[in-house]
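Residue 231 in the numbering used here is what sits at position 230 of the sequence shown, and the numbering runs on without skipping anything.
For each residue, glycine too, the CB sits at the ideal point set by N, CA and C.
A quick note: this is a predicted structure, and the numbers were derived from the prediction, not measured.
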Amino acid sequence: MKENAGKSTKTLQVSCVQMHWAKSLEFNLQRTLHYIKDASQYGSRVVLFPEANLTSYYFPYLVNLPKTAIDQALDQVCQAAAQNHIWVIVGTIQAKGERFLNLAHVINPAGEIAHEYAKINMAGRDEKKFCRGGDKLSLFLIDGIWCTLVICRDGRHPELYRIPAMAGAQILFQPSCSSDEIEAVAWKRLSGRAQQPVGPNTKIFHCVANTIGESPDGKQTSSGASFIREPSGIPLAEAGYYQEEMITSVLDMARATRSYILDSMKNPPFLSRYWQEMIQDVRQRADIKPA
């Protein structure tokens, strides 16, 4: 775990892109390259895309994608990150052995994959059928700022982002695909169940890129409503329910005090040593490549 990788910045401009969840790799790549350039021209340092934004989250399609096509798409994204001097976080679902991994790839402005994370908790029927979970938590640096990642359903498991926050993370990036039956998505919107803000239990920033649109058979849709929230949980930017779009905010890093996290590390005292052990394990495993 490299802890001296650059001087920390006082602010960070972040864009989150909301995209369709069930389109082809070729279409998704074209839209991804468009928004990388758009975010860079808008002045953002980081652009976050939804869960599996390159391969799609539509399993009848993605399970038949050749690995070479996915690798070539990732190579083009890496080139675009370098050409536009921007951090890019994209997603793929790829076969690893007999099962698939749901991956987030953090690409630095030099066009290198600097960090990867595999989704831990599977959600939909197809994902549970085809995928297996990862075995590490996410912790990485962007311009000297410690960050962490969870993918969609992982956000329902607070330990997956709270322990990295104990290790210093001030920003949670959450690529998501809240696809479900139409009635279920309507209920998610009404109840606020899709992505729940983490600031009120951590005091860190929370950036979500979610999906929109229907499946090819029209039986499923997705909830949209991507957001960027500051550490109190107040929205800085929010997307709509139905359209592809990009939202952008400037994060004042001094506001990400991690105060609730720091309190949890001390109280109750008998847990303190266990937190320290877990923090050490998270740091040691952070650079392991999902396989």
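Does the beta-carbon distance from T249 to Y62 come in below 8 Å?
-> No.
Is A81 near I37, with beta carbons less than 8 Å apart?
-> Cβ atoms of A81 and I37: closer than 8 Å.
Identify which residue in E27, C132, I114 and Q77 has its Cα closest to the Cα of E99.
-> Taking the Cα of E99 as reference, the smallest distance to any Cα among E27, C132, I114 and Q77 is reached at C132.
Write down the C-beta distance between I172 and I213 rounded to the nearest angstrom, noting that I regard them as a contact closer than 8 Å.
-> Contact flag wrong, Cβ pair sits at about 24 Å.
Would the beta-carbon of P232 fall within 8 Å of that of P51?
-> Against a cut-off of 8 Å, the Cβ pair of P51 and P232 comes out as no contact.
For L272, count neighbouring C-beta atoms within 10 Å of its own C-beta (all shown protein chains included) and say buried if the count is 16 or more, exposed if not.
-> Here L272 is exposed. Its C-beta has fewer than 16 other C-beta atoms within 10 Å.
Please go through the same chain and pick out, in chain order, the residues whose beta-carbon is closer than 7 Å to the beta-carbon of K267, but skip the five residues on each side of it.
-> Close CB contacts of K267 within its chain, under the 7 Å cut and outside five residues either way in sequence, are with S273 (chain order).
Which class does Y118 belong to by DSSP, given the choice of helix, strand or coil?
-> Shown here, Y118 sits in a strand according to DSSP, grouped into three states.
Element boundaries [beta strand (DSSP E), containing H207] | F206 to A210 is the extent of the beta strand (DSSP E) around H207.
Three-state secondary structure (DSSP) at P198?
-> Coil.
Complete runs of the alpha helix (DSSP H) confined to the segment 261-288 [at least 4 residues] = Fully enclosed alpha helix (DSSP H) runs of 4 or longer: 273-286.
Taking the continuous alpha helix (DSSP H) assigned at N85, which residues delimit it?
-> Boundaries of the alpha helix (DSSP H) around N85: K68 to N85.
Can you tell me which of N103, S139, G135 and I94 puts its alpha carbon nearest to the alpha carbon of H116?
-> With respect to the C-alpha of H116, the residue from N103, S139, G135 and I94 having the closest C-alpha is S139.
Counting Cβ pairs closer than 8 Å, one from the segment 234-242 and one from the segment 144-164, do we hit at least three?
-> No, the segment 234-242 is not in contact with the segment 144-164.
Buried or exposed for I152, please, with buried defined as at least 16 other CB atoms from any protein chain shown within 10 angstroms of its CB.
-> So I152 ends up on the buried side.
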